[in-house]
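A short write-up of the structure that comes next.
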Amino acid sequence: MKDSLTSSSPTLLTPPVSPPESQVRNWFFLPDDDPVIDHIKTVMWDRDNPPTRWRAARLSPAAYVYWEQETGWKVVAKFYASKTGRAAPQHAEREYHRTRQAWEYLGAEQAGRPVKPLGLWEGALFLEFVPGLTLEDQIAIRRSQPGKLAYILATVGRFLATLHANSLQPEFTPDFGPAADYAHRLIDNLARHGVLRNHPRVESGLALLVEKWATDPLVWDYPQTCNHGDATTTNFIFPPQGGVVAIDWERSQTADPAADLGRLMAEVTHSVNQHGGDFAEGLAFAEHLAAVYCASLPSDWNTENLVKRARFYQATSTLRIARNGWLARLDRLALALEAFALLSK
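Counting from 6, one number per residue, gives the positions in the sequence shown under my numbering.
In structure tokens form, the structure reads like this:
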């Protein structure tokens, strides 16, 4: 299959127009002159019989899956124009190359891999379609499948450990400053516009705790690796044949590996709490994820220090979740207090 890299044309692809009655993940028919279909036919199609009937479904505001009905072939198109405007080609190309780079770091590891990037065209990124349940789905149905979520989280933990261990970047100098600055911005946002507006003591306490972390020499001493950068429960898919596939590498960067781990620990804890559990159950699953992750790293890694740093990132990610206005106010306040407790340990 051929890769079509970004062209010099100023024309940018935009998502297909779906009928008003079409909801997220509902299929709708596409016209024959749809530009994405024409691109697939001329550049990406590698089967003997020509494609005939097409449908599409919206996965997110920027991502759509295209389905050729006669063969069952599917591909995902991610339209960066709706996300980044005229800078779409550069952003799409960055995610394309960061995803390919992750493939190189993970090698032939089959239990966990990135989604396969297929090409670029006019500010759109083409990716393989991966059927399966997300980690968010697996958390939601955990009661009906006792023991499976622990296995699922272990799979993700080993995936992240393999990615980080295989992608050390010794030429980069560790810098905890941006992480501390981001935590302060979150606290300030929650104090000005969010759930901490009437809780100045919690606000000041959180700020003092972040400063305490920032003066600890241990948090400035860490290996730099290729990170996923957006390790959330919706960005890990579990296909029917097993293993895990990580999607959405647009925020991938060289950073502290504890940032990936801590972010996912916060997301898992929150998701369990949202799907019939509580913080205690969520933290237990998050700690299981961390334990498998650390056990999967090479023996010369300082896992004690890594887990400590992960707790900081878990706290800041919990504060980030507390900004979500669609959550009940008491839930957002509970998240802020949970972050306080994590930073206090």
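Note that the Cβ used here is the ideal one computed from N, Cα and C, for glycine as well. Just so you know, these numbers come straight off a predicted model, no measurement behind them.
Item, Value
"Here's a check: name, in chain order, each residue in its chain whose Cβ is nearer than 6 angstroms to the Cβ of D8, leaving out the five neighbours to either side.", "Bear in mind that the predicted position of D8 carries a pLDDT of just 49, short of 50, making it too unreliable to give a figure here."
"Measuring straight from C-alpha to C-alpha, what distance separates V135 and D221?", "42 angstroms"
"Return the CA-CA distance between D226 and D37, expressed in angstroms with no decimal places.", "56 angstroms"
"According to DSSP, is N203 part of a helix, a strand, or is it coil?", "coil"
"Classify N31 as helix, strand or coil using the three-state DSSP reduction.", "coil"
"Apply the 10 Å Cβ neighbour rule to Y156 and answer buried if 16 or more other Cβ atoms are within range, or exposed otherwise.", "exposed"
"Would you tell me roughly how many angstroms separate the C-alpha atoms of T438 and E343, rounded to the nearest one?", "There is no way to answer for residue 438, as the model of the chain reaches only from 6 to 350."
"Do you know offhand how far R147's Cα is from L154's?", "6 angstroms"
"Would you please state the rounded distance, in angstroms, between the beta carbons of A341 and V207? I believe it to be under 8 angstroms.", "6 angstroms"
"Quick check on DSSP: helix, strand or coil for R52?", "coil"
"Mind the definition here: the stretch 264-274 touches the stretch 229-243 only if three or more C-beta pairs lie below 8 angstroms; say whether that holds.", "yes"
"Can you tell which of I192, R197, V200 has the C-alpha that lies nearest to the C-alpha of G210?", "I192"
"Could you spell out the range, first to last residue, of the beta strand (DSSP E) harbouring F241?", "241-243"
"Could you tell me how far apart the beta carbons of F241 and A251 are, in whole angstroms, since I believe they sit closer than 8 angstroms?", "6 angstroms"
"Between the alpha carbons of P21 and N31, how many angstroms are there, rounded?", "13 angstroms"
"Taking the continuous alpha helix (DSSP H) assigned at L269, which residues delimit it?", "262-279"
"Unbroken beta strand (DSSP E) runs of length 3 or more, entirely within the stretch 144-173: which are they?", "none"
"Can you tell me where the alpha helix (DSSP H) with R316 in it begins and where it stops?", "308-326"
"When the Cα atoms are used, what is the spatial distance from L332 to A93?", "31 angstroms"
"By alpha-carbon positions, which one of G77, A61, Q74 ends up nearest to K83?", "A61"
"Nearest-angstrom Cα distance between V249 and L158?", "10 angstroms"
"Could you give the DSSP three-state label for L140: helix, strand or coil?", "helix"
"Are there 16 or more other CB atoms within 10 angstroms of the CB of A260, so buried, or fewer, so exposed?", "buried"
"When DSSP labels each residue in this structure, what does P183 get in the three-state scheme?", "helix"
"With 16 as the cutoff for other CB atoms within 10 Å, does H198 come out buried or exposed?", "exposed"
"Classify D305: buried if its beta carbon has 16 or more other beta carbons within 10 angstroms, exposed otherwise.", "exposed"
"Considering only residues of the same chain and omitting the five flanking positions on each side of R316, which have a CB-CB separation below 7 angstroms?", "G267, L347, K350"
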